[in-house]
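Q:
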Amino acid sequence: MSLDLALYVVPTPIGNLADITQRALQVLEQVSLICCEDTRHSGKLFSHFGISTKTLSVHDHNERQRAGTIIGKLQAGESVALVSDAGTPLISDPGYHLVSQVRAAGFNVVPLPGPCAATTALCASGLPSDRFTFEGFLPAKAKARTDVLQALLQEPRTMIFYESPRRVLDSLASIVEVMGPEREVVLAREITKSFETIKGLPVGELIDWLNEDENRTRGEMVLMIAPFRDDGDSLPAEALRTTELLCQELPLKKAAALAAQIHGVKKNALYKYGLDQGW
Ligand code: SAM
18 MSLDLALYVV
28 PTPIGNLADI
38 TQRALQVLEQ
48 VSLICCEDTR
58 HSGKLFSHFG
68 ISTKTLSVHD
78 HNERQRAGTI
88 IGKLQAGESV
98 ALVSDAGTPL
108 ISDPGYHLVS
118 QVRAAGFNVV
128 PLPGPCAATT
138 ALCASGLPSD
148 RFTFEGFLPA
158 KAKARTDVLQ
168 ALLQEPRTMI
178 FYESPRRVLD
188 SLASIVEVMG
198 PEREVVLARE
208 ITKSFETIKG
218 LPVGELIDWL
228 NEDENRTRGE
238 MVLMIAPFRD
248 DGDSLPAEAL
258 RTTELLCQEL
268 PLKKAAALAA
278 QIHGVKKNAL
288 YKYGLDQGW
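By the working numbering, the letter at position 22 of the sequence shown is numbered 39, and the numbering carries on one by one without gaps.
Written out as structure tokens, the structure is:
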């Protein structure tokens, strides 16, 4: 295979080395230079596959400056590849500025298909896959996190997030706070690796399940939230609590109407949920 002059965007495995494609290996062997997020990290992958192409570090902090060097290579007629530590470059990884500058300079950017944790997780989640939204990582700070989730409260598509083991329980607690304990979530952990686990439960129950065994919160993970459904399953926990309290003094219909006003949700959904609960 001879390469056309281009910047090649090359996905690499997210755990299982057998997931590298033949085309990825051919491109990585034939380009003049491989841009890596971390040259030492990717160096291990390249030596496993016997690839000895020169590497250059391109990460969040130097990407814009490096674009000049890479465009220089392309001007000299040399093709370049871009990889990240794992998975598809640009997807919660560096590469966006480089790709846009290379395109602006008039050169081709050729994307190779390959491993990506978000779409791989979605395919086994059992959640609707006809429409979905990828949201990257949720913010670390609680207020910013609940703000993001609040804006997604009535999102009609499956929501995909990358998550870290240190923060997953905090994120799940925020989901309960904003979307209620009944919202279905799926956690896909260590995909393509020995301890791959894909678990789907209402978020309140998933927290209990994770707390039963600390191994369940280890490793790399993707968190997916089911789309909003216009029924009690998707109501915020606060709105349910208010309705339940008001029901101690008022008929359910009035309690649901008041709670709906207070929390800005649909009263019929609260009413139906209350009926199911026998309030
Ligand atoms: N560009 C990568 C991709 O295409 O998937 C993602 C890079 S992002 C910096 C790393 C995050 O991806 C991890 O924190 C985790 O949320 C997710 N991830 C990567 N590998 C994974 C795996 N094997 N199983 C589950 N999630 C994974």
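Even for Gly, the Cβ is constructed at its ideal location relative to N, Cα and C.
None of the values given here were measured: they were computed from a predicted structure.
1. Drop a sphere of 10 angstroms on the beta-carbon of F149, count the other beta-carbons inside from all chains shown, and report buried for 16 or more, exposed for fewer.
2. Going by the C-beta, is I31 closer than 8 Å to any heavy atom of ligand 1?
3. For T209, which option in G153, K270, L170 and I31 has the closest C-alpha, if you only look at C-alpha atoms?
4. Can you find the residues in the same chain that come closer than 6 Å, C-beta to C-beta, to V26, ignoring five residues on each side of it along the sequence?
5. Please find out if some non-hydrogen atom of ligand 1 comes closer than 8 Å to the beta-carbon of G67.
6. What's the gap between the Cα of A134 and the Cα of T175?
7. Between L223, L139 and S59, which lies nearest to V193 when the distance is taken from Cα to Cα?
8. Which residues does DSSP list as the beta-bridge partners of I215?
9. Using C-beta distances below 6 Å, list every residue in its chain close to L115, excluding the 5 sequence neighbours before and after it, in chain order.
10. For A276, is the classification buried or exposed, using 16 other Cβ atoms within 10 angstroms of its Cβ as the cut-off for buried?
11. Starting from K284 and walking both ways along the alpha helix (DSSP H), at which residues does that stretch end?
12. Looking at C-beta atoms only, is the number of pairs between the stretch 65-73 and the stretch 38-49 that lie closer than 8 Å three or more?
13. Along the chain, where does the beta strand (DSSP E) that runs through G153 open and close?
14. Please determine whether the Cβ atom of A205 lies at a distance below 8 Å from any heavy atom of ligand 1.
15. Is there at least one non-hydrogen atom of ligand 1 closer than 8 Å to the beta-carbon of Y179?
16. Measuring only the C-alpha atoms, how far is S181 from Q82?
17. Give a yes or no on whether the C-beta atoms belonging to A274 and C264 are separated by under 9 Å.
A: The structure says:
1. buried
2. yes
3. I31
4. L99, P106 and P128
5. no
6. 15 Å
7. L223
8. A205
9. E80 and A84
10. buried
11. K284 to Q294
12. yes
13. F149 to F154
14. yes
15. yes
16. 29 Å
17. no
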